[in-house]
Amino acid sequence: MYRLPKSPRLRKPKGKVYYMRTNPVKQKLKEGGVCIGHIIMEFASPGLATILANAQFDFVLFDTEHTRFSIETIGGMIRYARSAGLPAFVRVPLGQYDQMSRIMDAGADGIMIPNVQNREEAERIVRFTKYAPLGNRGTAFGIAHDDFEMGDVSETMKQANERTLIIAQIESVSGVENVEEIVGVEGVDVAWIGHFDLTQSMGIPGQFEHPAYLTAVEKVITACQRQGKAGGFMGATPDAVIELVRKGFRCIAYGSDIRIYRAALEEGLQAIRKRLK
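In this text, residue positions in the sequence shown follow the working numbering: the first is 36, and each later residue adds one.
And the structure:
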């Protein structure tokens, strides 16, 4: 009977750290590069991460703030992304410990926290998502985040701290006012503007050309540049993404699965109907 050969990955020296995953997005952003990902809000298909990886996206961001995704669904999607070699980030509904710790233990490479308003909130997020000495994230090993393999505990914790990307969403007037302090917190890597919520907080919902909103956006970008951090945003179209990069944003999501799928369907259907007239 034919037996599959043992994977070289499993031939590890006893006592050594088995899980050696890095986060290329974090490294690229540290070096001043631009990373472009995609947001998943609707389609929890096993093949999506591989499709995105094959399309050369830098990361996938799973949204649990505005979706019905369960922790079980997200855990499975993270595993698929890991198998595809695609860094997986998750937006949680709130910056509560239990929400962040379960996502991190499921194996996420990074986490996005909505509506971070001040330095204290940013520091608490770092404590919840980093192991000692940087934080007090609860320890559990030999589970999903370290590929179900026990290794050297200290080294595994160190690698997890180095790997984890923290994205603080700036979505309120107070968040903009305190953005310099927020991005100044060690461990915060990205300040991501939530444009709809920000304009709502400013009393100008959806007015993205309003001078006050444009001033707020510029303040966030400037703070990120001064602190050596990356500004984040979602661009719905290729032109929008290019414009964001020109403005100074470096961590960008090109649309969501819903937007891209709908736009492709509408464009294709319109072309068909036009030619059939």
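Cβ atoms here follow ideal geometry from the backbone N, Cα and C, with glycine treated the same way.
With fewer than 16 other CB atoms across the displayed protein chains lying within 10 angstroms of its CB, residue 246 is exposed. When DSSP states are grouped into helix, strand and coil, residue 176 belongs to the coil group.
A Cβ-Cβ contact shorter than 8 Å links residue 79 with residue 108.
At a Cβ-Cβ threshold of 8 Å, residue 261 and residue 64 do not count as neighbours. Residue 200 and residue 274 do not touch by the CB rule: their CB atoms are close to 27 Å apart, not below 8 Å. The shortest CA-to-CA distance from residue 168 to any of 185, 150, 192 is the one to 192.
Judged by DSSP in its simplified three-state form, residue 152 adopts coil rather than helix or strand.
Residue environment analysis places residue 58 among the buried positions, since at least 16 neighbouring C-beta atoms fall within 10 angstroms of its C-beta. Between the beta-carbon of residue 225 and that of residue 258 there is about 12 Å, and that puts the pair past the 8 Å contact cut. Residue 112 and residue 92 have their C-alpha atoms spaced approximately 16 Å apart. Of the residues assessed, residue 305 falls on the exposed side of the cut-off, its CB having fewer than 16 other CB atoms within 10 angstroms.
In the three-state DSSP reduction, residue 291 falls in the strand class (E or B). The three-state reading of DSSP puts residue 110 in helix, counting H, G and I together. Residue 149 is positioned such that its CB atom lies closer than 8 Å to that of residue 204. Secondary structure of residue 238 (DSSP, three-state): coil.
Beta-bridge analysis with DSSP links residue 98 to 126. In the DSSP annotation of this structure, the continuous segment of the beta strand (DSSP E) that includes residue 226 starts and ends at 225-228. Here residue 165 is buried: its Cβ has 16 or more other Cβ atoms, across all protein chains shown, within 10 Å.
Rounded to the nearest angstrom, the gap between the Cα atoms of residue 119 and residue 84 is 6 Å. Within the same chain, Cβ atoms closer than 8 Å to the Cβ of residue 110 are found at 141, 142, 179, the five residues on either side in sequence being excluded. Judged by DSSP secondary structure, residue 262 falls outside any beta strand (DSSP E) and instead within the alpha helix (DSSP H) spanning 246-262. Excluding sequence positions up to five before and after residue 76, its CB lies within less than 8 Å of the CB of 98, 101, 102, 291, 292, 293, all in the same chain and listed in chain order.
Around the C-beta of residue 281, fewer than 16 other C-beta atoms lie within 10 Å, and the residue is accordingly described as exposed. Taking the C-beta atoms as reference points, residue 185 is found no nearer than 8 Å to residue 173. Taking every protein chain shown into account, the CB of residue 298 has fewer than 16 other CB atoms within 10 angstroms, so this residue is exposed. The closest CA to that of residue 106, considering only 90, 139, 154, is found on 139.
In this structure, the alpha-carbon of residue 228 lies about 13 Å from that of residue 126. The beta-carbon separation of residue 161 and residue 255, rounded to 19 Å, does not stay under the 8 Å limit for a contact.
Partner residues in the beta bridge of residue 203, as assigned by DSSP, are 148, 226.
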